[in-house]
Structures are given as C-alpha cells and as structure tokens.
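*Asks:* Residue numbers (full-length UniProt numbering): 1 to 355. Glycine residues also receive a C-beta, built at the ideal position from the N, C-alpha and C atoms.
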C-alpha cells in the first residue's frame with residue numbers, strides 16, 4: 001500500500017504515530033488512517049500487535065489493521081502498521097468531559113455490551129488483552145466502540161515468568177487479585193478490568209481510593225478488597241459488577257456469560273449516537289491535556305500508546321518493574337513493587353525525556 005505520512009499524532013518509547021493518507025483511493029481502505037511506526041530493531045512488539053489484529057480482523061468492536069510495510073526515512077529504516085483512525089477519541093475523554101460526573105446508565109450499558117462482544121471475541125481466539133481501560137477504548141465517528149492497543153496482549157496459555165522475577169502487565173488501577181499476587185493473567189483478568197471500566201463510567205472517576213501503588217496492590221492482593229461500586233448504579237448493575245469482581249477467577253463470569261446478564265442483554269449498540277451524545281462530543285474541549293490529567297501508576301512490560309481526543313494525539317507512558325521470586329509470600333512481594341520515594345512532580349529532574 002502506497003501512503004503519505006501526515007501530521008504527527010504523538011510519540012513514545014515505542015516509536016511514533018502519525019496520520020496516514022493513501023495515495024490512491026480504494027473502497028477497502030479509508031481515506032484517513034493512523035500509522036504506528038518504530039525502528040526495525042525495536043519492532044518485535046509492533047509486529048506481534050499486527051499479527052494479533054490480523055486474527056481478530058472480523059470483529060467490529062476491535063480496531064482494524066490495514067497492513068504493514070517498511071520505509072526508509074531520514075536515514076532510518078522503519079516498520080509501520082496502518083490502523084483504523086478512531087476519530088471519536090478515547091472513551092476516557094468522554095467520561096472526563098461528562099458534566100454529571102459519570103455517564104448515564106443507559107449509555108454505560110450500551111458501551112458495556114459492545115465491550116463484552118469484543119472481549120468475547122478476543123478470548124474465543126485464545127488471547128488476553130492485558131490492558132483493558134478507558135484510555136484503550138476508542139470511539140468511531142458514529143460512537144461505535146473500538147478496543148485498541150494490543151501491545152501487551154498475549155496468548156492465554158502463555159506460561160508465567162520464571163522464579164527469577166515476575167512481570168506485571170497492564171495498569172494497577174485495573175489489576176486483578178490473581179495478577180497482583182500470583183502473576184496469573186488469563187481471560188478472567190480482562191473481566192476484572194472490565195468491571196473497573198464500568199464502575200468508572202458510572203462514577204466518573206476510578207473506583208479505587210488509595211494513597212499510592214503500594215497501598216493499592218496490598219488492598220487488591222492481600223486484603224482481598226474489591227473496587228468501590230457506585231451508589232447510583234442500579235441493582236442490575238451492582239449484580240453485574242459482583243460477577244466481575246469475584247476474587248476467585250474461577251468464579252468470575254466470562255464475557256459470554258455476562259452478555260446474557262440482565263444489565264446488558266436488552267441493550268443494542270448500533271454504532272449510532274443520540275443527539276445529546278453528539279452535542280457533548282461537539283462541545284468537548286480541544287485544549288491539550290496537562291500531564292497530571294493522565295492516569296498514574298502504569299506498570300507495563302511493553303509500551304502502551306493511548307489516544308487523547310482533546311489533544312488529538314497519542315501518548316505512551318511506560319514503567320517496568322521486575323522484582324522478587326514467585327515463591328516469595330504475597331505481602332513481601334507486593335511491598336517490593338513499590339518505592340517509598342515520593343517524586344517531586346514540579347522538578348524536571350523527576351521526568352524522563354522520551355524522543
């Protein structure tokens with residue numbers, strides 16, 4: 001496919017994201033795409049994302065990949081994947097811009113059903129997304145849900161990291177108990193994260209109220225606490241979250257089971273938006289985000305680029321924590337994941353430059 005690199009949308013340690021315009025019109029290729037690019041020597045995770053998206057290409061709730069190629073630009077050989085451009089932005093921005101501190105439950109139910117369709121498809125193909133959160137849920141031009149960012153996705157049967165260390169994938173605010181304590185990350189972990197997404201859509205903020213990552217992981221992994229369920233959620237919604245927040249992953253409902261739950265089973269998501277939703281979208285702020293608006297405490301083993309509709313760009317925030325042995329007691333292991341060092345956010349010495 002012949003295309004032209006357009007305006008830069010963002011960049012991170014994984015590489016960069018730009019607008020891509022095809023040189024010739026094709027009914028199978030949209031007139032505007034997003035292209036993720038990185039140096040060939042750093043392209044393993046991007047190639048893996050492309051392979052996964054190719055397998056999941058027939059699901060309308062998953063961002064589409066239109067192809068790959070290599071280019072030589074400014075003396076560097078780049079690997080590129082061409083993706084569907086979700087002009088509606090991230091669901092995180094829609095929730096943030098909602099004046100009522102949360103979306104109406106009718107909207108939450110429709111979005112939830114669409115997400116369950118996508119997750120069910122992912123799990124049926126034997127994959128785990130590993131980073132379900134509002135920032136990785138994009139909206140098409142007509143409001144249709146698009147699950148994005150498969151940079152951390154893996155096969156469900158993949159073996160755990162050995163006794164010399166443990167690998168945490170994803171974002172702690174959405175992390176399941178089995179991941180925090182035993183490094184188990186299968187389809188049930190995606191369902192736990194989905195529950196956090198639903199609670200956040202309803203409440204307008206993270207369902208966790210904690211002082212830091214250490215406190216959070218101790219509450220999840222040791223004390224067996226679950227995220228706070230919004231009081232204004234209906235009884236059906238509270239029961240739905242109860243099925244998502246079962247501490248034992250074997251008792252957590254699957255995406256297929258949840259599709260039949262009364263909270264969503266009578267909901268239709270037809271890729272259209274109401275007049276109110278369109279009004280809210282048209283009046284959303286276009287000002288660039290402040291760094292403090294982004295969710296804290298992202299722990300990943302691979303870069304995880306995210307899209308912001310307010311700034312019209314992608315961003316990537318990455319931290320890698322490797323510690324301990326899988327035989328270490330959970331309390332000691334979780335304590336080792338967090339540092340007592342409190343960063344001074346106003347000092348430039350505390351920030352990492354990403355180019």
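Mind checking which residues open and close the beta strand (DSSP E) that includes residue 22?
*Replies:* 15-22
*Asks:* Less than 8 angstroms between CB atoms is the rule here; does residue 172 satisfy it with respect to chain D?
*Replies:* The displayed structure is made up of one protein chain only, and chain D is not part of it.
*Asks:* In whole angstroms, what separates the C-alpha of residue 144 from that of residue 201?
*Replies:* 16 angstroms
*Asks:* Per DSSP, residue 84 is paired with what?
*Replies:* DSSP output for residue 84 lists 33 as bridge partner(s).
*Asks:* Can you name the start and end residues of the beta strand (DSSP E) that residue 73 belongs to?
*Replies:* 65-73
*Asks:* Would a C-beta distance cut-off of 8 angstroms place residue 150 and residue 49 closer than the cut-off?
*Replies:* yes
*Asks:* Quick one: residues in its chain with C-beta nearer than 8 angstroms to the C-beta of residue 18, no 5 flanking neighbours on either side, listed in chain order?
*Replies:* Listed in chain order, the non-local C-beta contacts of residue 18 below 8 angstroms within the same chain comprise 5, 6, 7, 8, 9, 34, 35 and 37, local neighbours out to five positions each way being set aside.
*Asks:* For the beta strand (DSSP E) containing residue 137, list its first residue and its last residue.
*Replies:* 137-139
*Asks:* Buried or exposed for residue 179, please, with buried defined as at least 16 other CB atoms from any protein chain shown within 10 angstroms of its CB.
*Replies:* buried
*Asks:* Write down the C-beta distance between residue 185 and residue 244 rounded to the nearest angstrom, noting that I regard them as a contact closer than 8 angstroms.
*Replies:* Wrong, their Cβ atoms sit about 16 angstroms apart, outside the cutoff.
*Asks:* Would you say residue 121 and residue 53 are within 8 angstroms of each other, going by their C-beta atoms?
*Replies:* no
*Asks:* Under 8 angstroms, do residue 81 and residue 61 count as touching if we go by C-beta distance?
*Replies:* no
*Asks:* Secondary structure at residue 205, three-state DSSP: helix, strand or coil?
*Replies:* coil
*Asks:* Is it buried or exposed, residue 15, if we count other Cβ atoms within 10 angstroms and call 16 or more buried?
*Replies:* buried
*Asks:* Is residue 227 closer than 8 angstroms to residue 196 when the C-beta atoms are compared?
*Replies:* yes
*Asks:* Since residue 124 is in the alpha helix (DSSP H), which residue starts that stretch and which ends it?
*Replies:* 105-124
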